[in-house]
Amino acid sequence: MTIDEAYHLVQQKRPQLIHISGKTCTGKSTFASKLAEASGYEIIELDQVVNEHVIKPMGIRDHKTAFVEIYKDDTNRKLIDAFLTATRKLIEAKHTTGQPLIIDGAVANTTTLQALFAGYTDFLFLYFHPVHLDAYERNITSRFIQTTEDYHAGLPKRLWELVDKAEFISFCSSRELSPALESSIRQYATSSAAESKKRLTSFEAAFSDIVVAEL
23 MTIDEAYHLV QQKRPQLIHI SGKTCTGKST FASKLAEASG YEIIELDQVV
73 NEHVIKPMGI RDHKTAFVEI YKDDTNRKLI DAFLTATRKL IEAKHTTGQP
123 LIIDGAVANT TTLQALFAGY TDFLFLYFHP VHLDAYERNI TSRFIQTTED
173 YHAGLPKRLW ELVDKAEFIS FCSSRELSPA LESSIRQYAT SSAAESKKRL
223 TSFEAAFSDI VVAEL
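One rule links them: number in this note's numbering = place in the sequence shown (from 1) + 22.
In structure tokens, the structure reads:
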């Protein structure tokens, strides 16, 4: 379904707990903010949970590795258990008062997600999936033009691996996208959409009734 159709579905069903997932630049955070403003949902951002309840208390210096361990891998149980404990505690504190919640974050590991949402029945899993590459590429480009040498706008490491450093430095000075940078963004959009399809297949095998919002 379209993102607008997904929005109206949520407005109709009004589940107490919603998990919004998807790749970077698919519109999930914008959707969450709109829903929160219109319908009284409170947002728990998983990136913030990792930073405030795992990275800072544990004094972790390598933030990127910590996020990969928690969101994708299943090897460092100390980090994953700390994340699960903190997140479920935050959910329970609101759940018992009847406060509807949106959990916004791109955890890719299905085992971690199953542990995170185990026991909740009034629950909706909403996945944002890019199927229209032109629209997805435009979203990534819009985010990219906000970047500077010191600010990468939350764009993932895989994109930056495709970006030529000299081209990026030139962009930071001119604020004009070169054909080479446009090609890098297009290449990332294509590979990210393919990865999103694999991730969605994995989620559908682990969770029933996932609502897919297609960008």
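Built from N, CA and C at the ideal position, the CB exists for glycine as well.
Contacts around Arg221, its chain only, beta-carbon distance under 7 Å, and the 5 residues preceding and following it disregarded: Close CB contacts of Arg221 within its chain, under the 7 Å cut and outside five residues either way in sequence, are with Ala130 (chain order).
What is the rounded straight-line gap between the Cα of Thr170 and the Cα of Cys194? Between Thr170 and Cys194, the C-alpha separation is close to 6 Å.
Alpha helix (DSSP H) segments (min. 4 residues) lying fully within the segment 164–190: Fully enclosed alpha helix (DSSP H) runs of no fewer than 4 residues occupy 179–182 of the segment 164–190, in order along the chain.
So Val32 and His151 are in contact, right, with Cβ under 8 Å, and what is the actual spacing, rounded? In fact, because the Cβ distance is near 16 Å, the residues do not count as touching under 8 Å.
Would DSSP call Leu125 helix, strand or coil? According to the sequence as given, residue 125 is Ile; it is not Leu. If DSSP states are grouped into helix, strand and coil, Ile125 belongs with the strands.
Over what stretch of residues does the beta strand (DSSP E) that includes Ala235 continue unbroken? Looking at the DSSP string, the run of the beta strand (DSSP E) that includes Ala235 is Val233 to Glu236.
Excluding five sequence neighbours on each side, which residues of the same chain lie with their C-beta closer than 7 Å to the C-beta of Pro178? Non-local C-beta neighbours of Pro178 in its own chain, meaning closer than 7 Å and more than five positions away in sequence, comprise Thr46, ordered along the chain.
Does the distance from the CB of Ser192 to the CB of Ser205 come in under 8 Å? No, they are not a contact pair.
For Gln34 and Arg83, the rounded distance between their alpha carbons: Taking the straight line joining both Cα atoms gives about 44 Å.
Whole-number beta carbon distance between Lys116 and Leu123, since they are thought to touch under 8 Å: Contact between Leu123 and Lys116 holds, with the beta-carbon distance rounding to 5 Å and staying under 8 Å.
Shorter than 8 Å from the beta carbon of Thr134 to some beta carbon of chain B? You won't find chain B in this structure, because it holds only one protein chain.
Could you check where the beta strand (DSSP E) with Tyr149 kicks off and where it finishes? Following the DSSP letters along the chain, one finds Tyr149 inside the beta strand (DSSP E) bounded by residues Phe145 to His151.
Three-state secondary structure (DSSP) of Leu39: Per DSSP, reduced to three states, the secondary structure at Leu39 is strand.
Endpoints, alpha helix (DSSP H) assigned at Glu59: Looking at the DSSP string, the run of the alpha helix (DSSP H) that includes Glu59 is Lys50 to Ser61.
8 Å contact criterion, which Asp126 and Leu68 should meet: CB distance rounded: Taking 8 Å as the upper bound for CB-CB distance, Asp126 and Leu68 are in contact here, some 7 Å apart.
What are the residues that DSSP puts in a beta bridge with Ile66? Beta-bridge pairing links Ile66 to Ile125.
Quick check on Thr46: does DSSP put it in helix, strand or coil? In the structure shown, Thr46 falls within a coil segment according to DSSP collapsed to helix, strand and coil.
Taking all protein chains shown into account, decide if Val76 is buried (16 or more other Cβ within 10 angstroms of its Cβ) or exposed. Result: buried.
Taking Val90 as the reference, which of Gln168, Leu101 and Leu181 has the closest Cα? Considering only alpha carbons, the answer is Leu101.
Looking at the secondary structure, which residues open and close the alpha helix (DSSP H) in which His117 lies? If you look at His117, you'll find it in the alpha helix (DSSP H) that goes Arg99 to His117.
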